[in-house]
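Data block below; observations after.
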Ligand SMILES: Nc1ncnc2c1ncn2[C@@H]1O[C@H](COP(=O)(O)OP(=O)(O)OP(=O)(O)O)[C@@H](O)[C@H]1O
Ligand code: SF4
Ligand SMILES: [Mg+2]
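Residue numbers (the numbering used here): 5 to 344.
What follows is the structure in structure tokens.
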């Protein structure tokens, strides 16, 4: 396979859950790709399908009422329909994950050292003493204070930031080609957050790992991401290079999303603020553009469903052309829903 061919290609991914209230369309024809070493920031309001879509990549949707359709190709291998065994093997080697709550990845009854050593030995069989030394080195690499002593501690004896470091050390042990980080720093204070982001960045630089970084924090996106995917109601609504997105967002939802935080310089809240109105029910999505009920720029064409085009270029699932965007953005800016 060519070096510059995409590491991950997600095409028309649909994830739905059959519930007593009806069919919840959590992810609706989502397509994106990721290159080696690239960081893709994924943003959107709560419930927009960020976690469900990325859990699908990992084969971690365990709900028996879930239906997953479309295509997820990782290094040329189709992941949808893959056996549980093969998926577990991939998760144990090429794809690593970090979640908001590090306890998701840690087992409470084993020491941190035991868990990292298991990971190292599963990946590269070697004598236990050597694996322990490697585990110590990994903890030091992720900035764990006093790594020797931490090896013999249980997860509940560590702070949240230290646990997240331990999880990242386990991920580093795999030398993954793809790291999926779902709100990895949300539960941590700002100083620890910055340290954890540094470690993820270090991982990307030293190992060339690609990273999917789900976050509510646009400051984190601006700092870390090469490209950004904005999600709304289970759909991708805008895909762009990070600087393009901040300089010239195309989708009215992105204007609102960016307008809901102050400029990136100076004080900013850690989470996005809310946008007027609420997201649509995923059981009864609007026929056309899902953002239409909240969109001040909607017009007749929006009765149809806008799609994202494919490719690397800046794109938005919106019927506004460039002139329409400029006109409506100026109005939105006057109304205070777009950064000045
Ligand atoms: N097992 C399930 N059964 C039914 N609905 C589900 C299930 N899992 C997730 N959902 C729904 O799918 C939608 C997308 O959820 P998801 O967790 O991906 O959102 P998110 O964008 O990660 O939000 P947050 O920012 O709060 O983490 C939500 O409406 C959620 O309620
Ligand atoms: S397609 Fe129409 S309703 Fe949807 S975001 Fe664009 S202008 Fe607004
Ligand atoms: Mg989530």
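For glycine and all other residues, C-beta sits at the position ideal for the given N, C-alpha and C.
From a predicted model like this one, the values you see are computed outputs, not experimental measurements.
Query: Check whether residue 52 and residue 19 have beta carbons under 7 Å apart; Result: no
Query: Alpha carbon of residue 272 to alpha carbon of residue 198, nearest angstrom; Result: Per-residue confidence for residue 272 stands at a pLDDT of 48, beneath the threshold of 50, marking its modelled position as unreliable; the derived number appears in the next sentence. When rounded, the distance between both Cα atoms is 15 Å.
Query: Near ligand 2: residue 18 beta-carbon under 6 Å from a heavy atom; Result: no
Query: Continuous alpha helix (DSSP H) assignments of at least 4 residues falling wholly in the segment 109 to 164; Result: 116 to 127, 132 to 145 and 151 to 155
Query: Beta-ladder partner(s) of residue 236, from DSSP; Result: 239
Query: Member of 94, 148, 142 and 28 whose CA lies at the smallest distance from the CA of residue 70; Result: 28
Query: DSSP-derived helix/strand/coil call for residue 248; Result: helix
Query: Backbone secondary structure at residue 93 - three-state DSSP; Result: helix
Query: Buried versus exposed, by CB contacts within 10 Å (16 or more), residue 48; Result: buried
Query: Proximity test, residue 288 beta-carbon vs ligand 1 heavy atom, cut-off 6 Å; Result: no
Query: Neighbourhood of residue 322 by C-beta, 6 Å cutoff - its chain only, sequence neighbours within 5 removed; Result: 255 and 310
Query: Contact check, residue 191 vs residue 223, beta carbons under 7 Å; Result: no
Query: Own chain, CB closer than 6 Å to residue 295, minus 5 neighbours either side, in chain order; Result: 236 and 257
Query: Inter-residue CB distance, residue 76 and residue 142 (contact presumed, cutoff 8 Å); Result: Not quite, the Cβ-Cβ distance comes to about 29 Å (not below 8 Å), so this is no contact.
Query: Cβ pair residue 239, residue 44 closer than 7 Å; Result: no
Query: Residue 221: CB within 6 Å of a non-hydrogen atom of ligand 1; Result: no
Query: Exposure label - residue 134; buried when at least 16 CB within 10 Å; Result: exposed
Query: Residue 11 beta carbon less than 7 Å from that of residue 40; Result: yes
Query: Own chain, CB closer than 6 Å to residue 22, minus 5 neighbours either side, in chain order; Result: 69
Query: For residue 275, three-class secondary structure by DSSP; Result: Confidence at residue 275 is low in this model, with a pLDDT of 43, below 50, so the placement of that residue should be treated as unreliable; the coordinate-derived value is given next. Three-state result, residue 275: coil.
Query: Classification of residue 225 by the beta-carbon crowding that lies within 10 angstroms, buried from 16 upward; Result: buried
Query: Cutoff 8 Å; reference residue 126; Cβ partners in own chain excluding five residues on either side; Result: 96
Query: Cβ-Cβ separation, residue 157 to residue 115 (assumed contact under 8 Å), whole Å; Result: 6 Å
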